[in-house]
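Chains A and B, in that order, give the protein sequences.
Under the numbering used here, the first residue of the first sequence is numbered 1, with each subsequent residue one higher.
Under the numbering used here, the first residue of the second sequence is numbered 300, with each subsequent residue one higher.
Glycine residues also receive a C-beta, built at the ideal position from the N, C-alpha and C atoms.
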Amino acid sequence: MADRPASAAPEVGYGPILDALRGVSWPARLTSRGATSGTHVSRLRGASAEFTEYRAYRQGDDPRRLDWRLLARTDRAFVRITNERSVHPTRLVLDASASMAFPSRDEGKWAAARRLAVGLAAVAHAAGDPVGIVVSGTSRALPLRARRGVVAELATLVDAVAPAGDAPLAPLLRSAARAPRIAIVTDLLGDADATIREAGQAVAAGTDVLLVHVVARQELELPANARLVTDPEDEALRRPLGAGARAAYRVAFDAWRQEMARRWRGIGARYVEVIDDEPAEHAIRRIVAPSAGASDGRR
Amino acid sequence: MTFGLPFVLGIGLLAAAVTVALHFLARAEPAPWALPTARFVPASRDRAVSRAIAPRDLLLLLLRLLAIAALTLAFARPALAVRERPVVTVVVADLSRAADRRAVAAAVGTAEPGSTRIVVLDTAARTIPAESLAALASASAPVARPARLSAGLLRARAEAVEAGREADSVRLVLVSPVTREEVDAALRDVRALWPATIELRRVGLVEPPRAEPRVALRATADDPLRATLALEGRPVVAADVSGTAVVRLVRTASVSSSDSAFAVAGGTVVHWPAATEGADTTGALRTARAVLVGLLPRDARGVRLDAGRATAHWVDGVPAADETTLGRGCLRRVAVPVPAVGDLVLRAAFRGVTRDLLAPCGGVRDLRPAPDSVVAMLEGASPGRAAAVAAADLASPRSEPRLVRLLLALALLALLVEWIFRRRLDQADLAPVSA
């Protein structure tokens with residue numbers, strides 16, 4: 001993995017994206033486990049004003065929570081149960097393998113991935129949630145933080161990374177699974193199977209897993225003057241690109257994407273596909289929408 | 300524009316044709332394009348071929364052809380020399396001792412400045428301004444040594460090569476009496492260097508001397524050569540007599556200052572010492588026209604040829620006499636011992652040798668006209684033979700160094716632009732414009 005000076009990174013420009021995402025919220029799909037006060041519904045029951053239900057008074061309950069009016073009417077003691085709200089820490093996992101630096105002219109997938117990561121971090125941070133990030137193939141990471149400036153730190157971190165190599169994502173998921181919410185931004189052209197397995201374990205452990213699949217427009221619509229293609233991560237793989245090969249490629253690529261969507265949703269994660277030329281703010285709104293990439297079941 | 304190496308143009312044309320053919324026939328594997336999802340392209344036995352000719356490839360072809368054209372023109376030695384006149388005449392004017400100099404000058408006629416070049420032939424050949432021929436012909440004294448037409452023709456050919464840079468063709472004119480003494484063994488080969496005919500203007504001979512010069516003898520009274528001269532009927536005068544019709548024969552051990560002055564003034568001094576050193580014998584002595592065979596004593600020192608030319612040889616090739624120019628005359632040294640006894644000096648062969656050794660400066664003159672075969676060989680007239688030689692056949696024109704440098708720079712620039720343009724095309728192929 002190569003670090004590069006910020007001046008060498010293609011200009012991304014996060015300002016307009018962050019401005020467009022003001023007011024956008026990213027509600028937690030699962031009830032939060034956090035104890036810190038926040039905006040997401042917590043598993044803990046508290047004494048807030050958000051009434052949810054009555055429960056029969058048990059020995060040991062705080063008498064101040066008795067509903068005296070109900071007691072007067074029914075001669076039975078009940079306590080008021082309300083919802084607590086807490087923060088929902090979100091850890092971003094960013095794929096920085098060589099396949100992300102495509103197309104080579106402007107590194108479209110990598111630029112889109114950076115914008116998505118920064119935008120999601122900004123949305124989460126705006127709700128007071130701690131955010132952090134780990135980048136594959138590098139030791140660079142940002143622990144979960146809610147302080148001011150964490151989004152700028154995150155943006156600076158990702159701008160300093162140049163995608164290269166083929167470091168796996170699965171080990172990063174293993175270490176990131178302690179966060180209540182994980183957002184993975186990748187093109188799934190690396191260790192997809194291992195990543196799915198780790199994600200499945202994280203979902204089973206109660207983690208909210210979101211998979212943002214970044215696809216380049218030129219991977220969908222191959223340029224007309226391309227005659228011979230090679231895999232940048234496997235230079236021994238060279239394939240001629242005739243008319244029949246183009247059609248077969250599209251069929252195979254579409255089928256693979258559909259298979260990936262099915263498998264990720266099958267483990268209980270959310271799957272959202274983003275094309276690199278889609279405006280980041282539009283994509284993020286789609287991602288954070290409550291119905292986006294719904295899993296087969298909601299916990 | 301003319302070219303010194305026109306065959307290079309053919310080579311360049313061939314290179315251009317091959318370049319055009321390869322440009323349209325080449326089927327190389329195109330540069331691979333990095334695609335992360337290449338694994339989804341089905342494996343195939345088909346071969347990827349380069350794309351069909353596109354307009355931008357024509358620009359590459361034009362740049363390559365431009366480079367080839369510039370290199371070809373540069374190596375073909377181009378010359379931009381403008382031919383100033385159609386024909387230049389080179390005239391060989393024979394002003395040797397055999398020719399009537401005024402007649403030669405008259406035969407040359409009025410030379411047009413710039414169109415005629417004059418090569419004067421006397422003892423050597425040299426080029427002079429055309430306007431100075433008349434003065435030279437009337438002013439200079441007769442040259443003692445014979446001239447050689449071969450030297451004149453060689454100088455004339457070199458002059459013709461120079462003249463060919465300013466003219467389309469060159470013609471050669473020879474003004475000479477063409478005597479036998481002007482013909483040497485190299486004349487035929489030298490004549491063969493000129494492919495066209497030679498206009499021969501034959502002029503009269505100089506008036507030959509009516510009689511052999513008198514001999515001014517400085518020797519003892521009993522010198523054996525007195526008998527030889529008497530038998531020859533050569534008049535012998537006093538030793539101090541001077542004049543061009545006198546040959547001073549000095550038989551003492553060395554020549555005096557007056558002898559040297561006599562030679563400088565134009566006289567012929569023959570130093571033939573009577574005394575010799577050492578003892579050596581040989582079998583024959585040869586001069587220009589005579590051969591003496593017999594057991595002959597000779598000076599073991601021989602004759603050292605410093606600046607002179609040998610006029611007599613022993614049978615083994617050792618010079619027996621030489622002649623050195625002194626001023627307008629000459630000093631001839633003879634190392635042939637004359638026996639004081641015996642009848643050697645009375646023999647006809649010895650008298651012939653003596654006659655040659657006592658000839659005026661320059662040796663024996665053979666002013667007889669050269670044979671007709673020599674004249675015909677010089678003229679070289681034959682059906683189909685041109686009267687003038689095309690300048691291009693004489694020598695390659697001097698190439699223009701500035702033009703060559705310009706063409707080389709143009710070729711380098713074209714190759715540089717072609718390289719840059721080709722790299723940009725390759726990069727564009729690898730990263731095509733996205734939709």
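Query                                                                                                                              : Result
Inter-residue spacing [alpha-carbon to alpha-carbon] between residue 322 of chain B and residue 217 of chain A                     : 34 Å
Under 9 Å (Cβ pairs) to chain B, residues found in the region 221-238 of chain A                                                   : 221, 222, 223, 224, 225, 226, 227, 228, 229, 230, 231, 232, 233, 234, 235, 237, 238
beta-carbon residue 635 of chain B near the ligand ZN non-hydrogen atom, thresh 8 Å                                                : The model depicted lacks the ligand ZN and carries no ligand whatsoever.
Below-9 Å beta-carbon distance, residue 249 of chain A vs any chain B residue                                                      : yes
Alpha-carbon spacing of residue 250 of chain A relative to residue 156 of chain A, whole angstroms                                 : 36 Å
Residues sharing a beta bridge with residue 88 of chain A, DSSP                                                                    : DSSP, once it has assigned bridges, lists no residue as partnering residue 88 of chain A.
Spatial distance of residue 372 of chain B from residue 465 of chain B (CA atoms)                                                  : 22 Å
Where residue 245 of chain A meets chain B, residues with beta-carbon distance less than 7 Å                                       : 340, 341, 343
Proximal residues of chain B, C-beta to C-beta of residue 211 of chain A below 9 Å                                                 : Under the 9 Å cutoff, chain B gives no residues; its nearest Cβ is about 17 Å from residue 211 of chain A.
Residue-chain proximity (residue 201 of chain A, chain B), Cβ-Cβ < 9 Å                                                             : no
Limits of the beta strand (DSSP E) - the one that residue 589 of chain B falls within                                              : Element bounds for residue 589 of chain B: n/a, residue is neither H nor E.
Neighbour list for residue 709 of chain B in chain A, Cβ cutoff strictly below 7 Å                                                 : What residue 709 of chain B touches in chain A: nothing, since even the nearest Cβ is about 32 Å away.
Between the CA atoms of residue 723 of chain B and residue 493 of chain B - distance to the nearest angstrom                       : 59 Å
Three-state secondary structure (DSSP) of residue 305 of chain A                                                                   : The shown model of chain A, from 1 to 299, leaves out residue 305 of chain A, and the question about it has no answer.
Cross-chain neighbours of residue 700 of chain B in chain A, by beta carbon under 7 Å                                              : Here the premise fails: no neighbours, minimum Cβ distance about 47 Å.
Rounded distance between the beta-carbons of residue 307 of chain B and residue 375 of chain B, thought under 8 Å                  : 4 Å
Residue of B:611, B:689, B:705 minimising C-alpha distance to residue 463 of chain B                                               : B:689
Residue closest to residue 176 of chain A, alpha-carbon to alpha-carbon, out of A:207, A:119, A:70                                 : A:207
Interfacial residues, the region 92-105 of chain A to chain B, with Cβ spacing under 7 Å                                           : 99, 102, 103, 104, 105
Nonlocal neighbours in the same chain, by C-beta distance under 6 Å from residue 70 of chain A, ignoring five residues either side : 78
Minimum Cβ-Cβ distance from residue 281 of chain A to chain B less than 9 Å                                                        : no
According to DSSP, residues forming a beta bridge with residue 468 of chain B                                                      : B:386, B:689
Nearest-angstrom Cα separation, counted from residue 438 of chain B out to residue 422 of chain B                                  : 16 Å
Residue 674 of chain B, buried or exposed, once every other Cβ within 10 Å from all chains shown has been counted against 16       : exposed
Short CB-CB distance (under 9 Å) between residue 256 of chain A and chain D                                                        : The chain labelled as chain D is not found among the protein chains of the depicted structure, namely A and B.
Cβ of residue 286 of chain A within 9 Å of any chain B Cβ                                                                          : no
Run of the beta strand (DSSP E) containing residue 417 of chain B, from where it starts to where it stops                          : 415-420
6 Å CB neighbourhood of residue 203 of chain A in its chain, flanking five on each side removed                                    : 209, 267, 268, 269
Beta-carbon spacing of residue 502 of chain B, residue 476 of chain B below 9 Å                                                    : yes
Through-space distance from residue 305 of chain B to residue 409 of chain B, alpha-carbon basis                                   : 38 Å
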